[in-house]
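The structure under discussion appears below in the form of C-alpha coordinates.
Numbering (UniProt numbering), first residue to last: 1 to 346.
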(Lines of atoms letter the chains of each structure in order from A and count residues from 1; the text may use other names and numbers.)
(Lines give C-alpha, C1' and ligand atoms only; values in the text may rest on other atoms or scores of the structure.)
Protein backbone atom coordinates (compact mmCIF):
# COMPACT_ATOMS: atom_id res chain seq x y z
CA UNK A 1 0.00 0.00 0.00
CA UNK A 2 1.23 3.49 -0.89
CA UNK A 3 2.78 5.14 2.25
CA UNK A 4 0.97 8.44 1.52
CA UNK A 5 -2.38 6.62 1.21
CA UNK A 6 -1.71 4.74 4.47
CA UNK A 7 -0.79 7.99 6.25
CA UNK A 8 -3.99 9.63 4.94
CA UNK A 9 -6.12 6.69 6.15
CA UNK A 10 -4.56 6.65 9.63
CA UNK A 11 -4.82 10.46 9.97
CA UNK A 12 -8.48 10.26 8.92
CA UNK A 13 -9.06 7.58 11.57
CA UNK A 14 -7.64 9.87 14.25
CA UNK A 15 -9.69 12.78 12.90
CA UNK A 16 -12.97 10.80 12.77
CA UNK A 17 -12.48 9.41 16.29
CA UNK A 18 -11.63 12.86 17.69
CA UNK A 19 -14.67 14.49 16.02
CA UNK A 20 -17.05 11.85 17.43
CA UNK A 21 -15.74 11.78 21.00
CA UNK A 22 -15.57 15.58 21.32
CA UNK A 23 -18.90 16.50 19.68
CA UNK A 24 -22.11 17.57 21.42
CA UNK A 25 -24.22 17.58 18.26
CA UNK A 26 -25.57 14.37 16.74
CA UNK A 27 -24.70 15.38 13.16
CA UNK A 28 -21.04 15.97 14.11
CA UNK A 29 -20.91 12.59 15.87
CA UNK A 30 -22.40 10.94 12.77
CA UNK A 31 -19.83 12.74 10.55
CA UNK A 32 -16.96 11.41 12.68
CA UNK A 33 -18.29 7.84 12.44
CA UNK A 34 -18.61 8.14 8.64
CA UNK A 35 -15.02 9.45 8.33
CA UNK A 36 -13.87 6.44 10.39
CA UNK A 37 -15.75 4.00 8.15
CA UNK A 38 -14.33 5.47 4.94
CA UNK A 39 -10.79 5.68 6.39
CA UNK A 40 -10.60 2.01 7.40
CA UNK A 41 -11.89 0.62 4.05
CA UNK A 42 -8.54 1.02 2.18
CA UNK A 43 -6.73 -0.65 5.09
CA UNK A 44 -9.13 -3.63 5.04
CA UNK A 45 -8.87 -4.12 1.25
CA UNK A 46 -5.15 -3.31 0.85
CA UNK A 47 -4.10 -6.92 0.11
CA UNK A 48 -6.44 -7.04 -2.97
CA UNK A 49 -7.33 -10.62 -2.06
CA UNK A 50 -10.97 -11.51 -2.92
CA UNK A 51 -11.67 -12.23 0.75
CA UNK A 52 -10.31 -8.79 1.75
CA UNK A 53 -12.47 -7.08 -0.89
CA UNK A 54 -15.48 -9.04 0.38
CA UNK A 55 -14.67 -8.00 3.97
CA UNK A 56 -14.39 -4.32 2.96
CA UNK A 57 -17.75 -4.49 1.11
CA UNK A 58 -19.48 -6.16 4.07
CA UNK A 59 -17.97 -3.64 6.48
CA UNK A 60 -19.13 -0.70 4.37
CA UNK A 61 -22.71 -2.00 4.06
CA UNK A 62 -23.06 -2.83 7.75
CA UNK A 63 -21.57 0.45 8.97
CA UNK A 64 -23.60 2.50 6.46
CA UNK A 65 -26.81 0.84 7.72
CA UNK A 66 -25.83 1.50 11.35
CA UNK A 67 -24.95 5.15 10.61
CA UNK A 68 -28.29 5.66 8.83
CA UNK A 69 -30.12 4.24 11.87
CA UNK A 70 -28.13 6.50 14.19
CA UNK A 71 -29.00 9.56 12.11
CA UNK A 72 -32.65 8.49 11.99
CA UNK A 73 -32.63 8.07 15.78
CA UNK A 74 -31.24 11.58 16.38
CA UNK A 75 -33.66 13.12 13.83
CA UNK A 76 -36.63 11.41 15.54
CA UNK A 77 -35.47 12.79 18.88
CA UNK A 78 -35.02 16.30 17.41
CA UNK A 79 -38.50 16.08 15.84
CA UNK A 80 -40.22 15.26 19.14
CA UNK A 81 -37.98 16.97 21.73
CA UNK A 82 -36.41 19.75 19.67
CA UNK A 83 -32.88 18.87 20.87
CA UNK A 84 -29.81 17.86 18.82
CA UNK A 85 -27.64 17.55 21.93
CA UNK A 86 -26.25 14.02 22.43
CA UNK A 87 -26.99 13.95 26.17
CA UNK A 88 -30.62 15.05 25.60
CA UNK A 89 -31.73 11.80 23.92
CA UNK A 90 -34.95 11.11 25.84
CA UNK A 91 -37.56 9.88 23.35
CA UNK A 92 -38.14 6.08 23.83
CA UNK A 93 -38.16 5.27 20.08
CA UNK A 94 -34.93 7.23 19.59
CA UNK A 95 -33.29 5.39 22.49
CA UNK A 96 -34.28 2.02 21.01
CA UNK A 97 -33.01 2.97 17.55
CA UNK A 98 -29.74 4.28 19.00
CA UNK A 99 -29.17 1.07 20.97
CA UNK A 100 -29.71 -0.91 17.76
CA UNK A 101 -27.40 1.35 15.71
CA UNK A 102 -24.54 1.25 18.24
CA UNK A 103 -24.98 -2.52 18.72
CA UNK A 104 -24.58 -3.00 14.96
CA UNK A 105 -21.48 -0.78 14.97
CA UNK A 106 -19.91 -2.66 17.91
CA UNK A 107 -20.99 -6.17 16.94
CA UNK A 108 -23.17 -6.94 19.98
CA UNK A 109 -25.49 -9.95 19.75
CA UNK A 110 -27.80 -10.26 17.77
CA UNK A 111 -25.97 -7.92 15.32
CA UNK A 112 -22.61 -9.69 15.57
CA UNK A 113 -22.58 -11.74 12.33
CA UNK A 114 -20.40 -9.35 10.34
CA UNK A 115 -17.54 -9.01 12.84
CA UNK A 116 -15.83 -12.47 12.75
CA UNK A 117 -16.13 -12.60 8.93
CA UNK A 118 -14.52 -9.20 8.47
CA UNK A 119 -11.74 -9.88 10.97
CA UNK A 120 -11.02 -13.15 9.14
CA UNK A 121 -10.73 -11.28 5.81
CA UNK A 122 -8.15 -8.71 6.96
CA UNK A 123 -4.57 -8.68 8.20
CA UNK A 124 -3.83 -8.90 11.93
CA UNK A 125 -2.85 -5.21 12.19
CA UNK A 126 -6.08 -4.02 10.55
CA UNK A 127 -7.97 -6.54 12.69
CA UNK A 128 -6.37 -4.93 15.75
CA UNK A 129 -7.72 -1.52 14.68
CA UNK A 130 -11.21 -2.99 14.10
CA UNK A 131 -11.24 -4.72 17.50
CA UNK A 132 -9.96 -1.75 19.54
CA UNK A 133 -9.68 1.77 18.07
CA UNK A 134 -12.87 1.65 15.96
CA UNK A 135 -14.93 0.51 18.97
CA UNK A 136 -14.02 3.65 20.92
CA UNK A 137 -16.33 6.24 19.21
CA UNK A 138 -19.52 4.07 19.46
CA UNK A 139 -18.76 3.24 23.11
CA UNK A 140 -18.31 6.98 23.81
CA UNK A 141 -21.78 7.64 22.35
CA UNK A 142 -23.22 4.85 24.54
CA UNK A 143 -21.58 6.40 27.61
CA UNK A 144 -23.00 9.86 26.82
CA UNK A 145 -26.53 8.47 26.43
CA UNK A 146 -26.29 5.75 29.13
CA UNK A 147 -28.83 7.42 31.46
CA UNK A 148 -31.57 7.22 28.77
CA UNK A 149 -31.04 3.60 27.65
CA UNK A 150 -33.18 0.61 28.54
CA UNK A 151 -31.38 -1.47 31.24
CA UNK A 152 -33.38 -4.68 30.55
CA UNK A 153 -32.58 -4.59 26.82
CA UNK A 154 -28.88 -3.94 27.44
CA UNK A 155 -28.64 -6.68 30.07
CA UNK A 156 -30.32 -9.20 27.74
CA UNK A 157 -28.00 -8.30 24.85
CA UNK A 158 -24.97 -8.38 27.17
CA UNK A 159 -25.71 -11.88 28.52
CA UNK A 160 -26.45 -13.09 24.96
CA UNK A 161 -23.12 -11.62 23.75
CA UNK A 162 -21.16 -13.27 26.58
CA UNK A 163 -22.91 -16.60 25.83
CA UNK A 164 -22.51 -16.49 22.06
CA UNK A 165 -18.93 -15.18 22.24
CA UNK A 166 -18.08 -18.19 24.38
CA UNK A 167 -20.06 -20.87 22.52
CA UNK A 168 -19.10 -19.80 18.99
CA UNK A 169 -15.42 -19.47 19.88
CA UNK A 170 -15.19 -23.09 21.06
CA UNK A 171 -15.21 -24.59 17.58
CA UNK A 172 -12.87 -22.16 15.82
CA UNK A 173 -9.43 -23.02 14.48
CA UNK A 174 -8.57 -19.57 13.05
CA UNK A 175 -6.93 -17.24 15.58
CA UNK A 176 -8.55 -14.11 14.12
CA UNK A 177 -12.04 -15.60 14.48
CA UNK A 178 -11.25 -16.70 18.04
CA UNK A 179 -10.21 -13.12 18.87
CA UNK A 180 -13.37 -11.79 17.17
CA UNK A 181 -15.62 -13.96 19.36
CA UNK A 182 -13.50 -12.98 22.36
CA UNK A 183 -14.22 -9.33 21.48
CA UNK A 184 -17.99 -10.02 21.30
CA UNK A 185 -17.84 -11.72 24.71
CA UNK A 186 -15.97 -8.78 26.28
CA UNK A 187 -18.46 -6.33 24.77
CA UNK A 188 -21.13 -8.20 26.70
CA UNK A 189 -19.26 -7.48 29.95
CA UNK A 190 -19.05 -3.78 29.01
CA UNK A 191 -22.73 -3.50 28.04
CA UNK A 192 -24.07 -5.19 31.19
CA UNK A 193 -22.68 -2.51 33.51
CA UNK A 194 -23.20 0.50 31.21
CA UNK A 195 -26.42 1.84 32.79
CA UNK A 196 -25.29 1.29 36.39
CA UNK A 197 -21.67 2.47 36.23
CA UNK A 198 -20.58 4.04 32.90
CA UNK A 199 -17.04 4.74 34.20
CA UNK A 200 -16.57 1.02 34.80
CA UNK A 201 -17.55 0.34 31.17
CA UNK A 202 -14.79 2.71 30.07
CA UNK A 203 -12.22 1.10 32.41
CA UNK A 204 -13.20 -2.34 31.06
CA UNK A 205 -12.82 -1.12 27.46
CA UNK A 206 -9.38 0.39 28.17
CA UNK A 207 -8.17 -2.79 29.87
CA UNK A 208 -9.62 -4.94 27.08
CA UNK A 209 -7.64 -2.86 24.52
CA UNK A 210 -4.54 -3.13 26.70
CA UNK A 211 -4.81 -6.94 26.73
CA UNK A 212 -5.82 -7.40 23.08
CA UNK A 213 -3.12 -5.18 21.51
CA UNK A 214 -0.13 -7.35 22.64
CA UNK A 215 -1.90 -10.57 21.58
CA UNK A 216 -2.47 -9.24 18.04
CA UNK A 217 1.10 -7.86 17.88
CA UNK A 218 2.55 -11.18 19.11
CA UNK A 219 0.55 -13.22 16.60
CA UNK A 220 1.69 -10.80 13.88
CA UNK A 221 5.33 -11.19 14.98
CA UNK A 222 5.23 -15.01 14.88
CA UNK A 223 3.01 -14.94 11.75
CA UNK A 224 0.33 -17.25 13.16
CA UNK A 225 -3.16 -17.30 11.65
CA UNK A 226 -4.48 -20.72 12.71
CA UNK A 227 -4.05 -23.27 15.50
CA UNK A 228 -2.11 -25.78 13.36
CA UNK A 229 0.66 -23.27 12.65
CA UNK A 230 0.62 -22.11 16.27
CA UNK A 231 1.88 -25.48 17.52
CA UNK A 232 5.02 -25.15 15.37
CA UNK A 233 5.54 -21.41 15.94
CA UNK A 234 7.14 -21.82 19.38
CA UNK A 235 10.53 -22.44 17.73
CA UNK A 236 10.60 -18.93 16.21
CA UNK A 237 10.67 -16.83 19.41
CA UNK A 238 10.23 -19.26 22.34
CA UNK A 239 10.18 -16.59 25.08
CA UNK A 240 7.48 -14.54 23.32
CA UNK A 241 5.33 -17.63 22.75
CA UNK A 242 5.67 -18.55 26.44
CA UNK A 243 4.53 -15.05 27.47
CA UNK A 244 1.61 -15.39 25.01
CA UNK A 245 0.11 -17.99 27.37
CA UNK A 246 0.04 -15.43 30.22
CA UNK A 247 -1.52 -12.81 27.94
CA UNK A 248 -4.28 -15.23 26.90
CA UNK A 249 -4.97 -16.17 30.52
CA UNK A 250 -5.12 -12.46 31.38
CA UNK A 251 -7.71 -11.96 28.61
CA UNK A 252 -9.65 -14.88 30.10
CA UNK A 253 -9.75 -13.00 33.42
CA UNK A 254 -7.68 -15.21 35.70
CA UNK A 255 -6.16 -13.68 38.85
CA UNK A 256 -3.51 -12.34 39.56
CA UNK A 257 -3.36 -10.99 35.97
CA UNK A 258 -4.72 -7.67 34.65
CA UNK A 259 -7.83 -9.22 33.04
CA UNK A 260 -9.20 -10.24 36.45
CA UNK A 261 -9.68 -6.58 37.47
CA UNK A 262 -12.61 -5.57 35.18
CA UNK A 263 -14.48 -8.85 35.78
CA UNK A 264 -14.05 -8.49 39.53
CA UNK A 265 -15.28 -4.88 39.54
CA UNK A 266 -18.26 -5.67 37.28
CA UNK A 267 -19.39 -8.66 39.38
CA UNK A 268 -19.02 -6.52 42.53
CA UNK A 269 -21.10 -3.69 40.99
CA UNK A 270 -23.81 -6.09 39.75
CA UNK A 271 -24.05 -7.57 43.27
CA UNK A 272 -24.45 -4.06 44.69
CA UNK A 273 -27.30 -3.47 42.23
CA UNK A 274 -29.00 -6.65 43.55
CA UNK A 275 -28.41 -8.46 40.25
CA UNK A 276 -26.67 -11.49 41.77
CA UNK A 277 -28.31 -14.05 39.38
CA UNK A 278 -27.14 -12.01 36.35
CA UNK A 279 -23.62 -11.73 37.83
CA UNK A 280 -23.56 -15.52 38.40
CA UNK A 281 -24.72 -16.26 34.84
CA UNK A 282 -22.18 -13.96 33.16
CA UNK A 283 -19.37 -15.26 35.42
CA UNK A 284 -20.22 -18.85 34.44
CA UNK A 285 -20.36 -17.88 30.75
CA UNK A 286 -16.81 -16.53 30.98
CA UNK A 287 -15.70 -20.15 31.59
CA UNK A 288 -16.53 -20.88 27.94
CA UNK A 289 -14.04 -18.19 26.91
CA UNK A 290 -11.49 -19.59 29.35
CA UNK A 291 -11.70 -22.94 27.54
CA UNK A 292 -10.71 -21.61 24.13
CA UNK A 293 -8.03 -19.29 25.58
CA UNK A 294 -6.56 -22.35 27.32
CA UNK A 295 -6.71 -24.27 24.04
CA UNK A 296 -4.82 -21.45 22.30
CA UNK A 297 -2.26 -21.41 25.12
CA UNK A 298 -2.05 -25.21 25.00
CA UNK A 299 -1.33 -25.19 21.25
CA UNK A 300 1.17 -22.34 21.57
CA UNK A 301 3.31 -23.47 24.49
CA UNK A 302 2.43 -26.75 26.17
CA UNK A 303 2.29 -29.22 23.27
CA UNK A 304 5.12 -30.29 21.00
CA UNK A 305 4.12 -31.00 17.39
CA UNK A 306 4.63 -34.55 16.10
CA UNK A 307 8.21 -34.75 14.79
CA UNK A 308 7.75 -36.89 11.70
CA UNK A 309 10.47 -37.31 9.05
CA UNK A 310 8.90 -34.83 6.64
CA UNK A 311 8.07 -32.27 9.34
CA UNK A 312 9.62 -28.90 8.60
CA UNK A 313 10.90 -27.16 11.73
CA UNK A 314 10.58 -23.37 11.83
CA UNK A 315 13.81 -21.37 11.98
CA UNK A 316 14.38 -19.53 15.22
CA UNK A 317 14.54 -15.80 14.55
CA UNK A 318 16.95 -13.59 16.46
CA UNK A 319 15.10 -10.36 15.76
CA UNK A 320 14.23 -8.47 18.92
CA UNK A 321 10.63 -7.83 19.91
CA UNK A 322 9.57 -4.21 19.46
CA UNK A 323 9.56 -1.93 22.50
CA UNK A 324 5.84 -1.14 21.98
CA UNK A 325 4.94 -4.85 22.13
CA UNK A 326 6.97 -5.48 25.28
CA UNK A 327 5.41 -2.46 27.02
CA UNK A 328 1.89 -3.66 26.22
CA UNK A 329 2.77 -7.21 27.28
CA UNK A 330 3.96 -5.97 30.69
CA UNK A 331 0.80 -3.88 31.18
CA UNK A 332 -1.49 -6.71 30.04
CA UNK A 333 -0.10 -9.05 32.68
CA UNK A 334 0.96 -6.97 35.70
CA UNK A 335 -1.59 -4.17 36.15
CA UNK A 336 -3.72 -5.75 38.90
CA UNK A 337 -1.80 -4.08 41.82
CA UNK A 338 -3.05 -0.71 40.52
CA UNK A 339 -6.64 -1.58 41.45
CA UNK A 340 -6.55 0.33 44.81
CA UNK A 341 -5.97 3.53 42.79
CA UNK A 342 -9.18 2.87 40.84
CA UNK A 343 -11.10 2.24 44.07
CA UNK A 344 -9.74 5.45 45.58
CA UNK A 345 -10.83 7.54 42.55
CA UNK A 346 -14.00 9.61 43.24
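For glycine and all other residues, C-beta sits at the position ideal for the given N, C-alpha and C.
Between residue 46 and residue 118, the gap from beta carbon to beta carbon reaches 9 Å or more. Residue pairing for residue 85: DSSP places it in a beta bridge opposite 25. DSSP lists no bridge partner for residue 120. Per DSSP, the beta-bridge partners of residue 174 are 226. In the DSSP assignment, residue 268 falls within the alpha helix (DSSP H) that extends over 260 to 272. Straight-line measurement puts the Cα of residue 129 at about 15 Å from the Cα of residue 324. Per DSSP, the unbroken alpha helix (DSSP H) holding residue 323 starts and ends at 323 to 334. Comparing C-alpha distances from residue 120 to each of 141, 99 and 216 shows the shortest one belongs to 216.
Only residues of its own chain outside the window of five on either side were considered, and among them none has a CB closer than 7 Å to the CB of residue 298.
Per DSSP, the continuous alpha helix (DSSP H) segment holding residue 278 begins and ends at 276 to 297. Apart from sequence neighbours up to five positions away, the residues of its chain that approach residue 296 with a beta-carbon distance below 6 Å are 248, ordered along the chain. Around the CB of residue 172, 16 or more other CB atoms lie within 10 Å, so the residue is classed as buried. The segment 286 to 294 makes no contact with the segment 218 to 231: fewer than 3 CB pairs, one atom from each, lie closer than 8 Å.
Each of 67, 174, 271 and 208 was checked against the Cα of residue 332, and the nearest Cα belongs to 208. Sorting 147, 189 and 253 by C-alpha distance to the C-alpha of residue 269 places 189 at the top. Between residue 220 and residue 124, the beta carbon gap of about 4 Å places them in contact (Cβ cut-off 8 Å).
For residue 90, there is no enclosing alpha helix (DSSP H), since its DSSP letter is neither H nor E. Annotation for residue 200: the continuous alpha helix (DSSP H) segment containing it runs 198 to 221.
Here residue 112 is buried. Its C-beta has 16 or more other C-beta atoms within 10 Å. Judged by their CB atoms, residue 158 and residue 282 are nearer to each other than the 9 Å cut-off. Each residue's CA atom was taken as its position, placing residue 62 and residue 44 some 14 Å apart. Residue 14 counts as exposed, since fewer than 16 other C-beta atoms from the protein chains shown sit within 10 angstroms of its C-beta.
Residue range 238 to 252 is occupied by the alpha helix (DSSP H) that includes residue 242.
For the 9 Å CB-CB criterion, residue 168 and residue 230 do not form a contact. Of the candidates 115, 68 and 28, 68 places its Cα closest to the Cα of residue 94. One thing to note: residue 70 has its Cβ within 9 Å of the Cβ of residue 29. Here residue 46 carries a coil assignment [DSSP, helix/strand/coil]. The alpha carbon of residue 179 has as its nearest neighbour, out of 115, 153, 155 and 237, the alpha carbon of 115. Counting only residues of its own chain and dropping the five nearest sequence neighbours on each side, residue 273 has a CB closer than 7 Å to the CB of 196.
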